[in-house]
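**Student:** Before I ask anything, let me first share the structure, which is written out below as structure tokens.
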Amino acid sequence: MPLLSLTDLGGYRCFDFDQCHAAGEGLATAYRANAPFPHMVMDDFLDEDLLRQVVAEFPDSSGQDCFLRDQERYKFQFRPDECHGPATRVLFAELNSRAFLAFLSAMTGIEGLIADPYHAGAGLHETRRGGHLGIHADFPHHNDMNVDRRLNLLIYLNDDWDAGYGGALELWDRKMKAAEQRVLPLLGRAVVFNTDSDTFHGHPDPLNCPPERSRRSIATYYYTARKVEKGIERTTDFRRRPGTTDKRDWRIMMQHLKADWIPPVLQRRRSA
49 MPLLSLTDLG
59 GYRCFDFDQC
69 HAAGEGLATA
79 YRANAPFPHM
89 VMDDFLDEDL
99 LRQVVAEFPD
109 SSGQDCFLRD
119 QERYKFQFRP
129 DECHGPATRV
139 LFAELNSRAF
149 LAFLSAMTGI
159 EGLIADPYHA
169 GAGLHETRRG
179 GHLGIHADFP
189 HHNDMNVDRR
199 LNLLIYLNDD
209 WDAGYGGALE
219 LWDRKMKAAE
229 QRVLPLLGRA
239 VVFNTDSDTF
249 HGHPDPLNCP
259 PERSRRSIAT
269 YYYTARKVEK
279 GIERTTDFRR
289 RPGTTDKRDW
299 RIMMQHLKAD
309 WIPPVLQRRR
319 SA
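Quick note: the sequence shown, position 31, residue 79 per this note's numbering, numbers continuous.
Written out as structure tokens, the structure is:
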């Protein structure tokens, strides 16, 4: 039985507020105690038949643009409005609903969560054979809505995924010494984790899946109202794992050094 179910209201399926809130409360203590930073891994998160419908509706990435740089390679993204399947569109609408926000808030303790109708960086994600996503901390602000990013949700869509294919989500300690958690991207498995400047994560090693397979997931992000004045903006912060040939993005690193060390009053003048 899935952790959360969609109720059929005569043609439209939606989450139930009370069920979502109760499920979140039941996970709250474990979520907040988990290392290396608050997170929760949940199997049987949603009904597998629904997720298989999303898989059947997954857009064809052949000939589409993808990320091709040292930090992320062969990664494709499709916003929900680029997905035409009804099951996919309904699911994304419900992942941004009041009921689902109640689940997240009860589990994480973060009040006043805001969903993102623009789906910045969110949607359906796909990484093909040889691709990877370096260890990083995500962009912290949503500039169009002027809100702070607080939570990531990933729901995996990979049936019969062999551990030898790679692609496990790695959660690294805040000092980038070691990966403390590795999560295989199995169908029906979901991960929620706090988003901060040092919540480092990714799947950094090239995928070794068969050419006809790929690593697929649903990704949505959640925000709260901003509490800091705007200065030099931070963005996605890729990090180097010890003993590897991973490459830092030095341009972004310099931008973050300026954000951390230039006084806010000077940052405001520079960005004016």
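We treat Cβ as the ideally placed atom computed from N, Cα and C, and that holds for glycine.
DSSP state of Q229, grouped into three classes?
**Tutor:** strand
**Student:** Please report how far the alpha carbon of R261 lies from the alpha carbon of R177, in whole angstroms.
**Tutor:** 7 Å
**Student:** Can you tell me whether D192 is buried or exposed, with buried defined as 16 or more other CB within 10 angstroms of its CB?
**Tutor:** exposed
**Student:** Rounded to a whole number of angstroms, what is the C-alpha to C-alpha distance between A170 and R222?
**Tutor:** A170 and R222: Cα-Cα distance of roughly 24 Å.
**Student:** Quick check on this structure: which residue in F126, D66, T292 and L51 has the alpha carbon closest to the alpha carbon of K225?
**Tutor:** T292
**Student:** Is the separation between the beta-carbon of F151 and that of A227 shorter than 9 Å?
**Tutor:** no
**Student:** Do the stretch 55-64 and the stretch 204-216 meet, that is, are 3 or more Cβ pairs less than 8 Å apart?
**Tutor:** no
**Student:** Answer with buried or exposed for P134, where buried requires no fewer than 16 other C-beta atoms within 10 angstroms of its C-beta.
**Tutor:** exposed
**Student:** If you run the structure through DSSP and keep just helix, strand and coil, what is S109?
**Tutor:** coil
**Student:** Helix, strand or coil, according to DSSP, for Y60 in the structure here?
**Tutor:** When DSSP states are grouped into helix, strand and coil, Y60 belongs to the coil group.
**Student:** Which two residues bound the contiguous alpha helix (DSSP H) that contains Y271?
**Tutor:** Note, Y271: premise wrong, no alpha helix (DSSP H); beta strand (DSSP E) at S262 to A273.
**Student:** Beta carbon of L202, beta carbon of L181: below 9 Å?
**Tutor:** no
**Student:** Are the beta-carbon atoms of F106 and R264 separated by less than 9 Å?
**Tutor:** Yes. Within cutoff.
**Student:** Exposed or buried, what is T243 when buried is set at 16 or more other beta-carbons lying within 10 Å of its beta-carbon?
**Tutor:** buried
**Student:** If you count every other CB in all the chains shown that lies within 10 Å of the CB of A320, and 16 or more means buried, which is it?
**Tutor:** The predicted position of A320 is uncertain, since its pLDDT is 49 and thus under 50; a value taken from the coordinates is nonetheless stated next. Exposed, since its Cβ has fewer than 16 Cβ neighbours within 10 Å.
**Student:** Expressed to the nearest angstrom, what Euclidean distance is found between the alpha-carbon atoms of L172 and L75?
**Tutor:** 26 Å
**Student:** For T77, count neighbouring Cβ atoms within 10 angstroms of its own Cβ and tell me buried if that reaches 16, exposed if not.
**Tutor:** exposed
**Student:** L201 by DSSP, collapsed to three states: which one?
**Tutor:** strand
**Student:** Chain B beta carbons: is any one of them nearer than 9 Å to that of G133?
**Tutor:** Structure shown: chain B not included; a single protein chain is present.
**Student:** Would you grab the beta carbon distance between R197 and I158 for me? Rounded to a whole angstrom, and I think it's under 8 Å.
**Tutor:** Their Cβ separation, rounded to whole angstroms, is 11 Å, which puts R197 and I158 out of contact at 8 Å.
**Student:** My output table needs one value for A70: the three-state DSSP class, helix, strand or coil.
**Tutor:** The answer is helix: DSSP assigns A70 an H, G or I state.
**Student:** By how many angstroms is the C-alpha of E120 removed from the C-alpha of D129?
**Tutor:** 23 Å
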